[in-house]
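Residue numbers (our numbering): 13 to 700.
Quick reminder that beta carbons are idealized off the backbone N, C-alpha and C, glycines included.
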């Protein structure tokens, strides 16, 4: 009764020409639509409901701005850069995403994992350039001006590395590497947007991202321990950094600075207690407690008036300049050095931003455009790289705070940028005496969410063992090898798991549910009745070259019949029978009669006359898969057993037709292909 539709075939050339005509034509309306799509703010800002949205946006913007300032200063330790560059990053990212982003709620700016990835590249390049990573420049008191800060680079080198021939200090070279890396990451993201390569994010499953975040969090935690206890140890680079760092920590534990240890203990207790209380009573609080800001202000005052740097040699942030450094084009030669490092940075930044955007868009019932998000994040990296900023991404913790404080649109991002601007122009020098151990405490406490993933391992294992294994492998590789290689290992291992699962899928013989037309796995369910003279076989995966042998092995094992062996037995028997008949001897060499020889060569009777293959779980066939089914059809036909296919999808049917499974004119197709298992069983019963 079903007849397949005939589709008009359009050549690829015609499709490309039509696409080019559509994209290359330029009209005022198309130009307007292009601008409004590229700058979504032009669409939603004229429709902004001031009375309804404004106060929520202002409140959330102020709260995020207050949180951003201490986090920006703290995350500069991860990136291996001065705090001023983190503030620049937070300012420009919020402004650009306001213009180009399609999500109303995500908070884009500095992110711990991205800062760590930037810092690892910066440290490596500084080592290659001959700088001492452990040579922390002593803080130079000053008026907080940019000129004074430039003079603080007392260790200057006349670099002739990678084509740069200029007097450049350690800080200058570090930010040069960071901006080149950021620019390249942004270029990759824009190119991915142009060529619509957003599908790359599909290969980063939730287990991979969680494992990567957890492994990177362990690396971040390890990197901050030396600041917590105030020891000076070599900054480890390369593979196995986590293990080497812990070995160095325990070797130098006797040199711990008592002042830093006490300060760290107090700060961690205060921060964790405040966070736990905030989580417990968040439904009663109108906005989160600005604990980080309070801790930073109090710690700075104590450090300044207690002269902790001078008296106890406690390491402090040093002078943070005010104002903006003149923009500078990232060095092209440095881009070539970090081009490969920028690729995982670009992918991770994009994936975190899009996944968060989609999550909150679904929660608040609106849509985002993933491709435009890629452009937005790309330009959040490209443009700020000219203004001494480093890579950015959306951050979950700040986004959750944003939504909980009444955020309605990205106006809140502009408010947050204004708070950061206030610090940049006037308040930055006040953080001169802030201890680095306090910043390390803020970073470590912010990792609570990622480190809590370890508690979810039993529940994750109960839900899916393979996903848990992917999480464990990605976490271990990211922590013990390196973050970028850990991510790559996670992706490869996840794909291998998928391949293995399709290579050895579940197979079953089906029985009939009594008094129904439905069939299920005989090993999984009770009270199923077997169908006389019919075997029903299910294969729960695509049939392709990698699982062909497993398909045949499972089929022969479950049906307890290998047609090739059976055919060989029969041929052997027939050959011996003919030989004895020619000799006129009705007894075999063993003294057995011909009938007894038959029993010896064919030990049992075949208990079925039809084989029904349930193809409902076979999503596609390749050439090997089609040939395998043709081989089965031929082999069983030699034993007078018919092979019937049931529940094939259109793709599988097309593959079978093209492969010649149904013959040249498809005349036997109605006797070989059925739309349900029950129809195939009824047909088999009617056969003689």
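Cross-strand partners of residue i (DSSP beta bridge)
{"i": "residue 686", "result": "658"}
{"i": "residue 545", "result": "620"}
{"i": "residue 626", "result": "550 and 658"}
{"i": "residue 121", "result": "405"}
{"i": "residue 341", "result": "DSSP output for residue 341 lists no bridge partner at all."}
{"i": "residue 328", "result": "447"}
{"i": "residue 633", "result": "555"}
Whether residue i touches residue j by CB criterion (9 Å)
{"i": "residue 220", "j": "residue 243", "result": "no"}
{"i": "residue 707", "j": "residue 542", "result": "Residue 707 lies beyond the stretch modelled for the chain, which goes from 13 to 700, so this question has no answer here."}
{"i": "residue 101", "j": "residue 340", "result": "no"}
{"i": "residue 239", "j": "residue 329", "result": "no"}
{"i": "residue 128", "j": "residue 99", "result": "no"}
{"i": "residue 491", "j": "residue 226", "result": "yes"}
{"i": "residue 429", "j": "residue 110", "result": "yes"}
{"i": "residue 251", "j": "residue 493", "result": "yes"}
{"i": "residue 118", "j": "residue 369", "result": "yes"}
{"i": "residue 560", "j": "residue 519", "result": "no"}
{"i": "residue 266", "j": "residue 257", "result": "no"}
{"i": "residue 72", "j": "residue 418", "result": "yes"}
{"i": "residue 215", "j": "residue 506", "result": "yes"}
{"i": "residue 399", "j": "residue 466", "result": "no"}
{"i": "residue 121", "j": "residue 52", "result": "no"}
{"i": "residue 656", "j": "residue 622", "result": "yes"}
{"i": "residue 703", "j": "residue 678", "result": "Absent from the model: residue 703. The displayed extent of the chain is 13 to 700, so no value can be given."}
{"i": "residue 234", "j": "residue 253", "result": "yes"}
{"i": "residue 658", "j": "residue 628", "result": "yes"}
{"i": "residue 77", "j": "residue 392", "result": "no"}
{"i": "residue 367", "j": "residue 449", "result": "no"}
{"i": "residue 135", "j": "residue 125", "result": "no"}
{"i": "residue 563", "j": "residue 573", "result": "no"}
{"i": "residue 673", "j": "residue 642", "result": "yes"}
{"i": "residue 324", "j": "residue 269", "result": "yes"}
{"i": "residue 81", "j": "residue 435", "result": "yes"}
{"i": "residue 208", "j": "residue 345", "result": "no"}
{"i": "residue 531", "j": "residue 626", "result": "yes"}
{"i": "residue 457", "j": "residue 567", "result": "no"}
Nearest residue (CA-CA) to residue i, options the options
{"i": "residue 212", "options": "500, 652 and 525", "result": "500"}
{"i": "residue 333", "options": "345, 438 and 134", "result": "438"}
{"i": "residue 304", "options": "472, 569 and 79", "result": "79"}
{"i": "residue 217", "options": "370, 483 and 290", "result": "483"}
{"i": "residue 652", "options": "578, 676 and 591", "result": "578"}
{"i": "residue 241", "options": "272, 254 and 31", "result": "272"}
{"i": "residue 513", "options": "120, 525 and 476", "result": "476"}
{"i": "residue 74", "options": "39, 432, 447 and 259", "result": "432"}
{"i": "residue 618", "options": "635, 575, 641 and 639", "result": "575"}
{"i": "residue 372", "options": "88, 655, 678 and 420", "result": "420"}
{"i": "residue 454", "options": "527, 644, 638 and 309", "result": "309"}
{"i": "residue 451", "options": "181, 311, 406 and 362", "result": "311"}
{"i": "residue 359", "options": "205, 291 and 182", "result": "205"}
{"i": "residue 702", "options": "60, 293, 664 and 684", "result": "Any property of residue 702 remains undetermined from this structure, which presents the chain solely from 13 to 700."}
{"i": "residue 544", "options": "187, 699, 198 and 582", "result": "699"}
{"i": "residue 534", "options": "502, 589, 571 and 682", "result": "571"}
{"i": "residue 526", "options": "379, 380, 690 and 661", "result": "690"}
{"i": "residue 459", "options": "634, 516, 83 and 357", "result": "83"}
{"i": "residue 108", "options": "387, 236, 681 and 474", "result": "387"}
Nearest-angstrom beta carbon gap, residue j and residue i [assumed within contact, 8 Å]
{"i": "residue 402", "j": "residue 97", "result": "6 Å"}
{"i": "residue 424", "j": "residue 414", "result": "6 Å"}
{"i": "residue 130", "j": "residue 427", "result": "At roughly 26 Å, the Cβ-Cβ gap does not stay under 8 Å, so residue 130 and residue 427 are not in contact."}
{"i": "residue 93", "j": "residue 353", "result": "With 8 Å as the limit, residue 93 and residue 353 do not qualify as a contact, their Cβ atoms being about 16 Å apart."}
{"i": "residue 385", "j": "residue 365", "result": "6 Å"}
{"i": "residue 362", "j": "residue 201", "result": "6 Å"}
{"i": "residue 279", "j": "residue 307", "result": "6 Å"}
{"i": "residue 195", "j": "residue 48", "result": "Their Cβ separation, rounded to whole angstroms, is 27 Å, which puts residue 195 and residue 48 out of contact at 8 Å."}
{"i": "residue 620", "j": "residue 547", "result": "5 Å"}
{"i": "residue 182", "j": "residue 138", "result": "7 Å"}
Check: residue i C-beta below 8 Å from any heavy atom of the ligand ZN
{"i": "residue 510", "result": "Ligands are entirely absent from the displayed structure, and the ligand ZN is therefore not among its contents."}
Any alpha helix (DSSP H) of 4 or more consecutive residues that is wholly inside the segment 387-452: 408-416 and 423-434
Complete beta strand (DSSP E) runs within the segment 508-566 (minimum length 3 residues, chain order): 519-525, 531-533 and 545-551
Every unbroken beta strand (DSSP E) inside the segment 41-98 [3 residues or more]: none
Contiguous alpha helix (DSSP H) assignments of at least 4 residues, all confined to the segment 288-322: 303-318
Contained alpha helix (DSSP H) runs [length at least 4] in the segment 221-298, N- to C-terminal order: 253-263 and 270-292
Entirely enclosed alpha helix (DSSP H) segments - the segment 188-221, minimum 4 residues: none
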